[in-house]
Structures are given as C-alpha cells and as structure tokens.
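Contents: one structure, followed by commentary.
Residue numbers (this note's numbering): 21 to 520.
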C-alpha cells in the first residue's frame, strides 16, 4: 500500500520508493502449499511477479517506475486449503538491501482465480455502510458478502434452481361455460353495451316511462343545450357525452364554469391552509357553510378562469400571498375575537400529511429516488415517493396509518389530523426512520462538529441552530453521543413534521 510516510510515497522502503519481493512461501497447518498462476497489477521490466514463486531465492518482483500508488499480486493455491486451517505466509526480500514493502496487506479468498486489483474490491455502498461510527447497515454488507463467500454462493445457486423449477401446482376446474347462456358484455365493446335510462313512474323500476336524454342542470344553464352538445362523427364508438359535459362544466359565461372555478380554488385553499374559504368543501349547496371571504372566493375563481384554468398559477398565487406567509404567533386580542382563526389573522400550524412525512425523511437523508413513472409496490422500504405505493386493504402501510393516511377504498371529504403517542414512538423506533438517520449522518460525515450541527439543522429544518441548540448539540457529540442518534433527534422534532 502506498503512503506519504515512505520515500516517494512507496509502496517500498527503498530510496526511490521501490521494493523487491524475492520469495513467497505459504503453509497450512505446517504443510507447504504450492503457489501457481502468479499475476500482478504491474511488473518491472526483468522483475516479473512469477519470480516471487520460482526456485531462485534472489530473483524478485518489483514495480519501478510506478511509485506512489497501490499495487497487488495474486497467487493461486494448487489445492484448496481445508476450512479452519492455520495459514502462515512468509515474505522474503533477498534481491536488494532495504527493498522491503512498507505497508503490506494480506488477504485470503475463496473466489476461484480472482483478478489482481489494487483496491480492496469493496463497493461504495458497502464502504459507506461500514464507515458510520457505531452503526453498521448489516443488510447492505451481507448482500455484498454473500456474492463473495463460496459456501453462500453454493446455497444461493441451489435455492435459485429450486425457485426456478418450483413445485407442480395442482389444477382444479373452477368454472365451465355452458352453451345457451348470454355472453358477458364488456364496457370496452362500445356504446351498444349501455342500457337506456328511463323516467320511472313513482321511482318504480318496473314502471318505465319515456327514455331520459343526457342533459345539464337547468339552474346552471343560461343558454340552450345545443351550445355544449357535440355530435360524434360516424366512425366514433362513443356518443361524445363526456365531451359535451366537459364543454358545459368549463363554460364560464353560460354554463357551470363559475361554480366549477369556485369549487376548485376552494379545494386549493383547503390544501394550503387546512380549511377552505367554504369549510364544507364538498357541499356548496343550501346545507353547506357560507364562505368566510366571499369576495376573495369570487376573485380567485375569476383569476383561475382568466389564467386559462392554470392550477400552477393558482398555487403560486396562494403560497406567495401575505396570508400564507405570515407567522404562527398568537395575539390575545385577536384570539378572543376569532378563536378559530376563520379570518386568517395568523397562520395555523399544520402537520405534514403521512406521505409528505415519509418523502421528507427520504429527501433529507439523500435516499429519495426521484424517478418518475413506473409500477407501484407494496414494499414499505421503497425509496421512491409515497405516490407509488399500492393501496391494499389487507396490507396497509403502518407508518401511513399512524399519521392518518386514509383508506384508499373509501372516499372522504378531507383528512383528519390526530396527535397520538404512537406517532412519536414511531419516529423513535421505526427501522426506516433509523435508516434515514444513518443516511443523514453519512451526508454530514467529514465536517467539524460545529459545522455538522449547522448543516444538519439546515438540511432537516431549513434554518440555522440557535446558540443554545448549537452548544447542546456539540456537547452531546463531544461526550460520546453518536451522530446517528443526534440525526434521529432532529428527525423526531415537531418542527420537522409541522409546517410552521
């Protein structure tokens, strides 16, 4: 191994950094082991690596002129050494005085004819898993080691062969289609599948009246239906009913466009502020609440229409408003007048949704896979955004459920937000949170303790630590606390899971 402490960086102790390895002998339990097939990363002209295992005690392997870098030589055993043997390796340097190796490293491998490489062959992710103080990601290390260990490779080969072949599955006839029964029609077969809808006398399905034609809510019509209805071309397999409905919904002059715009901007306001300008976001009728700011609702609806129905424009407009950007500090006078903050005199602190908490953990730890699209999964340790989780009633994600993620099989008006002890316990004990803390510690490695704390606060909380927080954190690290534990404390703070 090269090192600055040796002449010209080594790897030898000669005045020019060279070495001359003249003889390599190996014994296993006292019995000599024959060495064959010598190979090296580099050989000096006239001094090949094969000279280290020939019968000449003076001929040697050297590396002139490649000094100041690591070199490696590999020698195969003529026969395998039994497991558990005591192996002794003897190196001799008889070629030239002082031409010894300064920092030798010896290793044995069960791999057949491994290549001669100057590095240790450890991948970057395994090296990272082993480098964090006090923590080892065993899953990463074992996944790599099982490809290097001969016995483990043999077992894996047998398991894979069994999995590929698999057991014979018994087949049972479950359904037989008999002749004479009507064929099952599919929606993909076109409009002739759809049954006609009739007016029913007193609501009785057995007393059908005339056929009901597609139409629109008359209370939201300022023109004839022909304004929005489109006739399908002769080659169309659909009646263009949905296209006609879309024309009516987005017509701000004579159709339902103004109502649609109000509903949309109210939903956007709800998602940013936790409550809509109309608190009953799914009910704008007589049984719903009246808007707290009717003029603002009308103006936002008009702005949505004027922007060409651009949701991005509306998001930007809302999050840059004074109402959204104000602080969460309370005021006794305002609190007495408007305890529910309906008039938006301050910003109400809001906890992130379950998906956002999980995605933020991945983002600050550097483990978020930002790949767009592709199939979903049920694996809880998936590194992609929570958007790509499958929703399965019998296999719900515990982390999502604890932070109030709804059941995807049921429609709801809005999410509830609870504050319960299991949420704090999850942030302290969940393996995924612990892994995020390890990865964040890896991002902060190599910095001074003070810079580590400042960078950690910036990455996790988006701000600098106070003088007291900086002092306490540095003291914790100096007194032997691990960086991983400190990172997990950051990820468990209220400030991390709340939008303040």
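Beta carbons are placed, not taken as given, at the ideal position from N, Cα and C, and that holds for glycine.
- Residue 91 sits buried, since 16 or more C-beta atoms from the chains shown fall within 10 Å of its C-beta.
- For the stretch 479-504, the continuous alpha helix (DSSP H) assignments of 4+ residues that do not extend past its boundaries occur at 487-498, in sequence order.
- Pairing residue 404 with residue 388, the inter-Cα distance amounts to about 6 Å.
- Per DSSP, residue 55 is one residue of the beta strand (DSSP E) stretching across 55-60.
- For residue 228, DSSP records a beta bridge to 220.
- DSSP places residue 191 outside both helix and strand once states are collapsed to three, so it counts as coil.
- Excluding five sequence positions before and after residue 21, the CB atoms of its chain that fall closer than 7 Å to its own CB belong to 31, 90, 123 and 125, given in chain order.
- At the C-beta level, residue 283 and residue 304 come within 8 Å of one another.
- A distance below 8 Å between beta-carbons, with the five flanking residues on each side excluded, links residue 444 to the following residues of its chain, in chain order: 512.
- For residue 34, same chain residues with a beta-carbon under 6 Å away, outside a window of 5 residues either side, are 118 and 119 in chain order.
- According to the DSSP assignment, residue 160 belongs to the alpha helix (DSSP H) that extends over 158-165.
- Residue environment: residue 442 is assigned as exposed (fewer than 16 neighbouring CB atoms within 10 Å of its CB, all protein chains considered).
- In the three-state reduction of the DSSP assignment, residue 173 falls in the helix class, which pools H, G and I.
- Collapsing the DSSP output to three states places residue 462 in a helix.
- For residue 217, the CB contacts under 8 Å within the same chain, skipping 5 residues up- and downstream, are 231 and 232 in chain order.
- Around the C-beta of residue 319, fewer than 16 other C-beta atoms lie within 10 Å, and the residue is accordingly described as exposed.
- For residue 29 and residue 127, the gap between their C-alpha atoms comes out near 22 Å.
- The three-state secondary structure of residue 427, taken from DSSP, is coil.
- In the DSSP assignment, residue 303 falls outside any alpha helix (DSSP H), carrying neither H nor E.
- DSSP places residue 382 inside the alpha helix (DSSP H), whose first and last residues are 374-385.
- Looking from the CA of residue 449, the closest CA among 63, 419, 88 and 434 belongs to 419.
- Taking the C-beta atoms as reference points, residue 146 is found nearer than 8 Å to residue 164.
- With a contact defined as Cβ atoms closer than 8 Å, residue 136 and residue 48 miss out at about 22 Å.
- Ranked by Cα distance from residue 106, the options 113, 129 and 51 are led by 51.
- Burial state of residue 326 is exposed, judged by a 10 Å Cβ sphere holding fewer than 16 other Cβ atoms.
- Residue 142 sits away from residue 39, with the two beta carbons spaced by 8 Å or more.
- Separation of the CB atoms of residue 485 and residue 493 is rounded to 7 Å, and the pair is thereby assigned contact status at 8 Å.
- By the Cβ neighbour-count rule, residue 63 is buried, with 16 or more other Cβ atoms within 10 Å of its own.
- The beta carbons of residue 290 and residue 434 sit closer together than 8 Å.
- Residue nearest to residue 82 within the set 74, 69 and 328 is 69 (criterion: CA-CA distance).
- By the criterion of a C-beta distance shorter than 6 Å, residue 98 is surrounded in its chain by 54 and 56, once the five residues flanking it on both sides are discounted.
- Sequence-distant partners of residue 332 (beyond 5 residues in either direction) whose C-beta falls short of 6 Å from its own C-beta are missing from its chain.
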